[in-house]
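J.: The structure is given below, and queries will be raised subsequently.
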Amino acid sequence: MAETIALVDYGAGNLHSVYNALKAAGADRVEVTADSNVVRAADRIVLPGVGSFKACAEGLRAVDGMIDAMTERVHVGGAPFLGICVGMQLLATRGVEHGVTAGLDWIGGEVRPIEITDPNIKVPHMGWNDVALSPHADASLIEPGEAYFLHSYHFATDSGEHVAAMTDHGGGLVAAVEKGNVVGVQFHPEKSQAYGLALLANFLEWRP
Numbered sequence: 000m001a002e003t004i005a006l007v008d009y010g011a012g013n014l015h016s017v018y019n020a021l022k023a024a025g026a027d028r029v030e031v032t033a034d035s036n037v038v039r040a041a042d043r044i045v046l047p048g049v050g051s052f053k054a055c056a057e058g059l060r061a062v063d064g065m066i067d068a069m070t071e072r073v074h075v076g077g078a079p080f081l082g083i084c085v086g087m088q089l090l091a092t093r094g095v096e097h098g099v100t101a102g103l104d105w106i107g108g109e110v111r112p113i114e115i116t117d118p119n120i121k122v123p124h125m126g127w128n129d130v131a132l133s134p135h136a137d138a139s140l141i142e143p144g145e146a147y148f149l150h151s152y153h154f155a156t157d158s159g160e161h162v163a164a165m166t167d168h169g170g171g172l173v174a175a176v177e178k179g180n181v182v183g184v185q186f187h188p189e190k191s192q193a194y195g196l197a198l199l200a201n202f203l204e205w206r207p
């Protein structure tokens with residue numbers, strides 16, 4: 000039986016592009032949903048995110064029962080979870096964009112502004128950049144390569160053991176995090192062409 004991928008709709012993601020990318024990567028059933036019951040029954044969960052940490056966190060909390068459903072399905076049920084861009088940042092303990100806002104606290108750390116000391120390096124970090132694996136990466140899921148980034152804030156993790164990949168933009172920035180059956184990527188797989196589709200295909204087959 001085909002697996003169901005719950006693509007969480009909380010008004011803060013480019014759902015159409017992510018949906019199309021998941022289908023192109025081989026997903027049979029992708030449910031774009033704001034229904035916590037659909038998330039509770041899903042085989043895998045994808046949380047996109049575009050905009051500020053504060054707006055995305057508030058949007059997710061505004062969806063009745065969604066955080067409880069995600070937490071139950073992922074941490075009790077063991078469903079693989081993928082956070083994309085701000086969806087990855089929401090895994091942090093907190094973000095400081097437009098004031099301090101609590102995140103999901105699934106992976107300890109803080110989302111803070113990218114600090115640049117070289118005037119030739121621009122913020123936001125926008126465009127193609129290398130993804131270099133850390134020693135802690137699950138190589139069956141995340142591969143080295145080039146991906147498309149667009150962000151002004153970055154995830155500073157409390158522990159290096161949860162960093163799966165890094166990129167360099169005037170200094171090292173976390174490109175991916177991983178903890179058990181939870182993975183998050185700062186880049187946009189849906190905009191990263193063959194590299195992004197390969198990551199999504201790996202996620203669809205991932206058995207953490």
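Going by numbering that gives the first Met the number 0, the first residue of the sequence shown is number 0, and it counts up by one from there. Glycine is no exception: its CB is placed at the ideal position from the N, C-alpha and C atoms. Source: prediction; values computed, not measured.
Does the segment 74-84 touch the segment 37-44, meaning 3 or more C-beta pairs lie closer than 8 Å?
T.: In short, these stretches touch, since the Cβ pair count reaches three.
J.: From which residue to which residue does the beta strand (DSSP E) around T3 run?
T.: Mapped onto the sequence shown, residue 3 falls at position 4. Run containing T3: T3 to V7, per the beta strand (DSSP E) assignment.
J.: Please list the segments of the alpha helix (DSSP H) lying wholly inside the segment 29-79, counting only runs of 4 or more residues, in order along the chain.
T.: Fully enclosed alpha helix (DSSP H) runs of 4 or longer: 35-40, 52-60 and 65-70.
J.: Alpha carbons only, please: which of G58, C55, T156 and P112 is nearest the one belonging to W105?
T.: Indexing the sequence shown from 1 puts residue 105 at position 106. When each option's Cα is compared against that of W105, the closest is T156.
J.: Tell me the residue span of the alpha helix (DSSP H) that contains E96.
T.: Start at 1 with the first residue of the sequence shown, and residue 96 comes out as number 97. From DSSP, E96 is part of no alpha helix (DSSP H); its letter is neither H nor E.
J.: Tell me, which residues are paired with D167 by DSSP?
T.: Here residue 167 corresponds to residue number 168 of the sequence shown, with the count starting at 1. Its beta-bridge partners are G171.
J.: Checking 8 Å against the spacing of the C-beta atoms, do A5 and V38 come in under that value?
T.: In the sequence shown, residue 5 corresponds to position 6, counting from 1. In the sequence shown, residue 38 corresponds to position 39, counting from 1. Closer than 8 Å, so yes.
J.: Tell me which residue opens and which closes the alpha helix (DSSP H) that V181 is part of.
T.: In the sequence shown, counting from the first residue as 1, residue 181 sits at position 182. It is not in any alpha helix (DSSP H) - V181 instead sits in the beta strand (DSSP E) that spans V181 to V184.
J.: Do F148 and F186 have their C-beta atoms closer together than 8 Å?
T.: By 1-based counting over the sequence shown, the position of residue 148 is 149. By 1-based counting over the sequence shown, the position of residue 186 is 187. Cβ atoms of F148 and F186: closer than 8 Å.
J.: According to DSSP, is A155 helix, strand or coil?
T.: Here residue 155 is taken as the residue at index 156 of the sequence shown, counted from 1. Three-state result, A155: strand.
J.: Please report how far the alpha carbon of A24 lies from the alpha carbon of F202, in whole angstroms.
T.: Position 25 of the sequence shown, counting from 1, holds the residue named residue 24. Position 203 of the sequence shown, counting from 1, holds the residue named residue 202. Cα to Cα, the separation comes out at about 9 Å.
J.: Determine the direct distance from the alpha carbon of N36 to that of A174, and round the result to whole angstroms.
T.: As a working note, residue 174 is residue 175 in the sequence shown. As a working note, residue 36 is residue 37 in the sequence shown. Taking the straight line joining both Cα atoms gives about 31 Å.
J.: So, are the CB atoms of S133 and A164 less than 8 Å apart?
T.: Within the sequence shown, the letter at position 134 stands for residue 133. Within the sequence shown, the letter at position 165 stands for residue 164. Closer than 8 Å, so yes.
J.: Within the same chain, show all residues whose beta-carbon is closer than 8 Å to that of V31, passing over the 5 residues directly before and after it, in chain order.
T.: By 1-based counting over the sequence shown, the position of residue 31 is 32. Correct list, in chain order: L6, D8, L14 and Y18.
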